[in-house]
Each structure stands twice: as C-alpha cells, then as structure tokens.
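Here's the structure we're looking at; comments come further down.
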DNA sequence: CGAAATCTTTTTGTAAGTCAAATATAGTTA
DNA sequence: TAACTATATTTGACTTACAAAAAGATTTCG
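Chains as they are written, first to last, in the working numbering: chain A, 1382 to 1608; chain B, 1382 to 1608.
Printed below as a string of structure tokens:
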C-alpha cells in the first residue's frame, strides 16, 4: 500500500467551503423542507467553532442559490430554490470552456428531437395558429431574421408545457447563438427557415414520427456541425 | 400612468446581492477570461464603497460557482466554472417543488428520445458489447435490480460522448428515482427490463428510427405517468 | 560581482467586536 | 380587556486586527 495516495487530495479547502458543505449535508440529512426555521448565525458559528464571518460567507452562498431565506432580523428559514439559478450565473460564453459550449450546442439538438411526444400530447389549435403566424411572417420578410428564427423554436419549447424546460431553453439561447456564430464558416447550404412550414405541417396533421423526420431534416445542418 | 407600478418591486436586495451582480456584470462587460487577474478585495470594497466583508460574501458566492479562484495570499483570478456546479447544490428532492421535480422527470424522457442521432453517430463495437453484457446480466437475475436498470441507461448517456450531458444525467438521477418512487402506485403493467434487449438490437443492427421506436416503447409506462 | 539569505510588502483567510434597525414577546398602563 | 411600552433577539453592515504565504526588494557573504 502506498501512503502517497492518501496525501494527494489536499484541495485547499477553506473553512467557508467546509461550513457550506456541512450545512447542506445537515439540511439533507434532516430532510429540511421550505418554511422550516434554521438556527441563528451565532449558534451555527458556536456549534461549528468558527467565526460568524465564515458562517455568513457560507450562508451567503446558500442564500444566492435560494436554498435559504433570511427574513431580516427575524431569523432564517429554508426556501424553495430556483433549480436553474446557479446555471444562470455561470452562463458567460467568455469563461465557459469551448468543449462545454459545444456540449450545450449538441444538447439543443437532443432536446428538439426529443420533445416530439410532449408536443403532440399537449398541442392546441391556438398553438398551431401561432406557429403558422410566425412562419407566415418569416416568409414575408425579404431576409430571415435571427429573432424570428428564435421565436419559432422558443414557441416549440413553450408548447411542451414544461416550465423548467422552457426556462432552460431561454438560458441556453445565448450559448447557442454564440457557438453558432463561431461556426458559421461551416457554410450551411440549406437555410433552415424554409423547413419551418414543414415542421408545422407535421405537427398539425402528421404523426409523431412525421414530426421527428421534419425536425431532423430541419436540424441537419446543425448536426453536420457536430458529428 | 400609474406610479404604483414603479413602487412595487422593492425586492429587499442586500448589499451583497448588489455587489455580486455588479461583479458579474463587470466580468461580462469586460470580457474577462479564465486566468485574468482581478483587483484585490480591498480595492473592490473601496471602489464600491462597501465594507470588505460584503465584498467577501459576494466573492464567496462566485468562488463557489467556480467563476473566480483565490490563490491564497496572492490574489484572485478568473476561473472556468463547472457549468453544473450550481445545479448540483440544489439537487435536494425535499426542497425542490413538486412541479419542478415532475418537469425534470419529463426532461429525462425528452433526453432519451432525443439522443438517438448521437448514439448512432458515435457508437462503437465495444459500446454494444457492454450494453449486451448489461442486458445479459440483468436477464440472469431472478429479480431486476434498480442498479442494473440505471447502469443500462447511464451507459447510453456515456455513448453520446458528451461530457456535460453525461454529468447532467448523473445529477438528475436521484430526482428521477425520487419521483419514480412517488409515482409507483400508478402501476406499470409492462416491466421495462424486457425491452432493453430490443433497444440494443435496434442500436446494433437497426436504423435511427428503429431505435427511437424501441425506446419509445420502452419508456411508454413513464410517458403514461406524465401525459 | 554574483549568489544566497533575509526582510518587507502584499493579499487572502479568519476572528472578534460594534452598532443599527426591525420584529416578536413580555410587561405595563389606562 | 385593549392599547401602549420596553426589552430581547437577530440579521445586515462596518471596523479593526492578525496570521500566513508568496513575491519582490534588500542585504549579506563568498
């Protein structure tokens, strides 16, 4: 046995990191639910034998994520975090790695191919009409705008009726565009907007498989960019 | 015009919140990249006219997300955040809302239906063999275990070759299970493990469409739970 | 003159104490 | 009994202090 293995990690973990981890573990272990009240800062500091300062830095993190809430001068309670809040804060194309950006670009393709079942399960007359209006407007423009393009796809996410999914797309949108613009050199022969009407048609009077085939065709240029 | 609208927000925003927002905006506006060095805590505090304490609480948040790194006693630099770090910390079924949990449950179905193209683009002989081994082992057990079930699906995510996607699935796994267990009452007539071999077969010698049909059949009981 | 040792400066990590302000509770008064 | 008052609690924010590590500047010595 080589003892070196046990020495490797080291990881430079600060008091604040440790307190944050301890608190999250504590919440999970005790099945804390939103609304439950928490011990005060001073009590936590004393129990963990650190300064109130360190505790506040850890709590500040949890507060940012929405895990806890502080009713000013009345104490802290557990809260219901926005699951995508943490994601939102790191959505900065300058600091994310190129590989991560490309992973996200691929994710879009997976999502738009995969959402078919839910679209068919939940589509309404009104949805279809809206899509048709978007397509019509797009066709009337001499040049297709990126805004109209986005509007069409965003509407599809909306139609799934899945709020988290919808917000997810809004967060990812800037990354899509950033990566797409970086790749534009890869010349796309088939401008996609001509296929939007095909997608709507499949959605309106076709089967789930028809839709997926139309979507696949529509996304083909993007697939070419990744696989 | 009603002035009341302008009074509504109020939002109880703390100094720390404001500093955090200011810093993130500053990084974005100036296109800060990983490795770039940042002004010191004291300088930031003076520039923003707040105490060093407040600045440290804001920086602590950014450090948690991996946006910045502090080389102890040498200064801070921009870093490359783990895009899913924030998500990981709020993955606690007790504090997430029921609607969010169900949204995530649906997301799984979308992902597994949507990943087909990438599986076919990147599958290898070895991948197929591994899947077959998993199915074989599963068939040999008197009772299918949840571990083997997870192993099969995890392998599929692996095969996409998309690291972010893969980690995403690992994070979501506990939520899937939690929601699944809560819904078990909805009696599933067709135990899914019998279809795993069908999926592998489609993946091995079928078309992308064959795979999607097999997967759809496999996931049918889950779809029943949501739509 | 050059290399090695030492000192100084810088900067983050951690601690401790102070004060303000809002709220809940207890206590008091009419 | 109801209204008012005082008190204790608790978070938000500021200040000061010091340790420790690393880098740079300075000094010392061969």
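Beta carbons: idealized from backbone N, C-alpha and C, even for Gly.
Are residue i and residue j closer than 9 Å when you measure CB to CB?
i                       : j                       : result
residue 1587 of chain A : residue 1495 of chain B : no
residue 1443 of chain A : residue 1409 of chain A : no
residue 1465 of chain B : residue 1464 of chain A : no
residue 1397 of chain A : residue 1426 of chain A : no
residue 1601 of chain A : residue 1509 of chain A : no
residue 1447 of chain B : residue 1470 of chain B : no
residue 1457 of chain B : residue 1421 of chain B : yes
residue 1589 of chain A : residue 1501 of chain A : yes
residue 1413 of chain A : residue 1475 of chain B : yes
residue 1434 of chain A : residue 1434 of chain B : yes
residue 1449 of chain A : residue 1419 of chain A : yes
residue 1441 of chain A : residue 1441 of chain B : yes
Does residue i come out as helix, strand or coil in the three-state DSSP assignment?
i                       : result
residue 1464 of chain A : coil
residue 1590 of chain B : helix
residue 1450 of chain A : strand
residue 1395 of chain B : coil
residue 1521 of chain A : helix
residue 1418 of chain B : strand
residue 1477 of chain A : coil
residue 1542 of chain A : coil
residue 1432 of chain A : coil
residue 1562 of chain B : helix
residue 1471 of chain B : helix
residue 1526 of chain B : coil
residue 1388 of chain B : Legend: pLDDT at residue 1388 of chain B = 36, less than 50; position of this residue unreliable, value from coordinates given subsequently. Correct three-state label for residue 1388 of chain B: helix.
residue 1505 of chain B : coil
residue 1411 of chain B : coil
residue 1608 of chain A : coil
residue 1596 of chain B : helix
residue 1496 of chain A : coil
residue 1383 of chain B : Since pLDDT at residue 1383 of chain B reaches only 42, below the 50 mark, its modelled position is unreliable, and the value read off the structure follows with that caveat. Residue 1383 of chain B falls in the coil class under three-state DSSP.
Using a C-beta to C-beta distance shorter than 8 Å, which residues of chain B count as neighbours of residue i?
i                       : result
residue 1456 of chain A : Here the premise fails: no neighbours, minimum Cβ distance about 15 Å.
residue 1606 of chain A : By Cβ distance, chain B contributes nothing, its closest Cβ being about 12 Å from residue 1606 of chain A, past 8 Å.
residue 1558 of chain A : Within 8 Å Cβ-Cβ: nothing; residue 1558 of chain A doesn't reach chain B, min ~15 Å.
residue 1484 of chain A : 1543, 1544, 1545 and 1546
residue 1461 of chain A : 1476, 1477 and 1478
In chain order, what residues of the same chain have a beta carbon less than 8 Å from the beta carbon of residue i, not counting five sequence neighbours either side?
i                       : result
residue 1557 of chain A : 1485, 1486 and 1489
residue 1542 of chain B : 1499 and 1503
residue 1518 of chain B : 1529
residue 1579 of chain A : 1595, 1598 and 1599
residue 1493 of chain A : 1534, 1537, 1596 and 1600
residue 1592 of chain A : 1497, 1500, 1501, 1580, 1583 and 1584
residue 1609 of chain A : In the structure displayed, chain A extends from 1382 to 1608; residue 1609 of chain A sits before or after that span and is not available.
In the DSSP assignment, what are the bridge partners of residue i?
i                       : result
residue 1459 of chain A : A:1449
Residues of chain A with CB under 9 Å from residue i, in chain order?
i                       : result
residue 1401 of chain B : 1441, 1445 and 1470
residue 1413 of chain B : 1473, 1475 and 1476
residue 1405 of chain B : 1470 and 1473
residue 1551 of chain B : Going along chain A, no residue has its Cβ under 9 Å from residue 1551 of chain B, so there is no contact; the nearest lies around 14 Å.
By Cβ distance below 6 Å, which residues in the same chain neighbour residue i in space, the five residues on each side in sequence not counted?
i                       : result
residue 1533 of chain B : 1515 and 1577
residue 1417 of chain B : 1459
Once the 5 residues before and after residue i are set aside, which same chain residues still bring their CB inside 7 Å of it?
i                       : result
residue 1386 of chain A : Any reading at residue 1386 of chain A needs caution, since the residue's pLDDT is 36, under 50, leaving its predicted position unreliable; the model's value is listed next. Taken in chain order, the list of residues that qualify is empty.
residue 1513 of chain B : 1581
residue 1432 of chain B : 1426
List, in order along the chain, the chain A residues whose C-beta lies closer than 7 Å to that of residue i?
i                       : result
residue 1397 of chain B : 1441
Residue i touches chain B at which residues, Cβ-Cβ below 9 Å?
i                       : result
residue 1583 of chain A : Residues of chain B passing the Cβ test: none, with the nearest at roughly 14 Å.
Who are the neighbours of residue i on chain A, taking C-beta pairs under 8 Å?
i                       : result
residue 1409 of chain B : 1473 and 1475
residue 1466 of chain B : 1467 and 1471
residue 1433 of chain B : Those do not exist, as residue 1433 of chain B stays about 10 Å from chain A at its closest Cβ, beyond 8 Å.
Cβ closer than 7 Å: which chain B residues qualify as neighbours of residue i?
i                       : result
residue 1437 of chain A : 1438
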